[in-house]
Amino acid sequence: MRWYDDLYVGYNLLDKKRQVMWKIKRGKQQFNKYVITLPFNDYDVLDIYPSNVLTQKWYKDSDIVIVGIAEGREEAMDMVQLIIMDCINSTGGCKVKDYILNLMNEERSKREE
90 MRWYDDLYVG YNLLDKKRQV MWKIKRGKQQ FNKYVITLPF NDYDVLDIYP SNVLTQKWYK
150 DSDIVIVGIA EGREEAMDMV QLIIMDCINS TGGCKVKDYI LNLMNEERSK REE
């Protein structure tokens, strides 16, 4: 499980960001918390999962990239819209997966310098 450094955080979780991340990393159950992730395939834009799904072994062992957290499915949908708009404004297209992975690689390169 990897986390996007510039994590998108829903308005309702701004004060709880660290706590929610801590619980997700440790596999703790949380009610009404959702994660926005990069898709495992190349044809979806983003995926939304209830955070409780990440407690399953398959997800713990996967290379899932969490790009956002939200409280409630509606807020998660709003976050997806925001991420897509950021991608369109920055690149002129909506290849969100490539956009986020490029940003992650740029951040990693800056840290290594």
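Last residue of the sequence shown? That's 202 in the numbering used here, and every number before it is there in order.
Glycine included, C-beta positions come from ideal geometry on N, C-alpha and C.
Reduced DSSP secondary structure (H/G/I, E/B, other) of residue i
i           : result
residue 96  : strand
residue 153 : coil
residue 167 : helix
residue 188 : helix
residue 122 : strand
Cβ separation of residue i and residue j, assumed to be a contact under 8 Å, to the nearest whole Å
i           : j           : result
residue 180 : residue 155 : Not confirmed; about 21 Å, so no contact.
Sub-7 Å separation of residue i and residue j beta-carbons
i           : j          : result
residue 168 : residue 97 : yes
Boundaries (first-last residue) of the alpha helix (DSSP H) holding residue i
i           : result
residue 112 : 106 to 114
Endpoints, beta strand (DSSP E) assigned at residue i
i           : result
residue 267 : The structure shown has nothing for residue 267, since the chain only spans 90 to 202.
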